[in-house]
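Residue numbers (our numbering): 11 to 192.
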């Protein structure tokens, strides 16, 4: 006796429904776009793994410098890395940070009781300790931001940005480009 099997369309490993087909197409488009951006010398792509910015990934235009309010991708040299502190590495590891530009050349940075201001507008308070309990030294810079530097931050309470001495003002030579959030 033959048993009739119901006719269900399967596409590889999943049931081919309209929703699954749309998800598959969107995923393929995303992967192709990421590959195109990644292989283009003018652009770069960076994933966000921190809580300080809500965006998941950024496309960086390496030919464009950011303005106030834009996101910027820049090289940060992690002098707190254990391998560097122990002398295993000669130079601190380079990490790409993405932050928002809140101060440009000519803007005035001031601080009072670890609260920082750019042109009189508060850009947050520098914490005394990190989430891991590591002491954090506040940036001591006050005055006019010189030509060729940026003051960066994000509004998250744990953002590691220009409020801290280890990050400080960002020199243009360390800027990778203007970042677009997605």
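All residues carry an ideal CB built from backbone N, CA and C; glycine is no exception.
Values in this document were obtained by computation on a predicted structure and should not be read as measured data.
- Every unbroken stretch of the beta strand (DSSP E) spanning 3 or more residues and falling wholly within the stretch 31–69 is given here in chain order: 53–57.
- Secondary structure at residue 92: helix, using DSSP grouped into helix, strand and coil.
- About 6 Å separates the beta carbon of residue 128 from that of residue 161, a gap short enough to meet the 8 Å contact definition.
- The Cβ-Cβ distance between residue 120 and residue 152 falls below 7 Å.
- CA-to-CA, the gap between residue 50 and residue 97 works out to about 36 Å.
- With contacts defined as CB atoms closer than 7 Å, residue 108 and residue 44 fail to qualify as a contacting pair.
- Between residue 174 and residue 157, the gap from beta carbon to beta carbon reaches 7 Å or more.
- Inter-segment contact for the stretch 63–82 and the stretch 109–118 is present: three or more beta-carbon pairs are separated by less than 8 Å.
- In the DSSP assignment, residue 148 forms a beta bridge with 174.
- Per DSSP, the beta-bridge partners of residue 125 are 122, 135.
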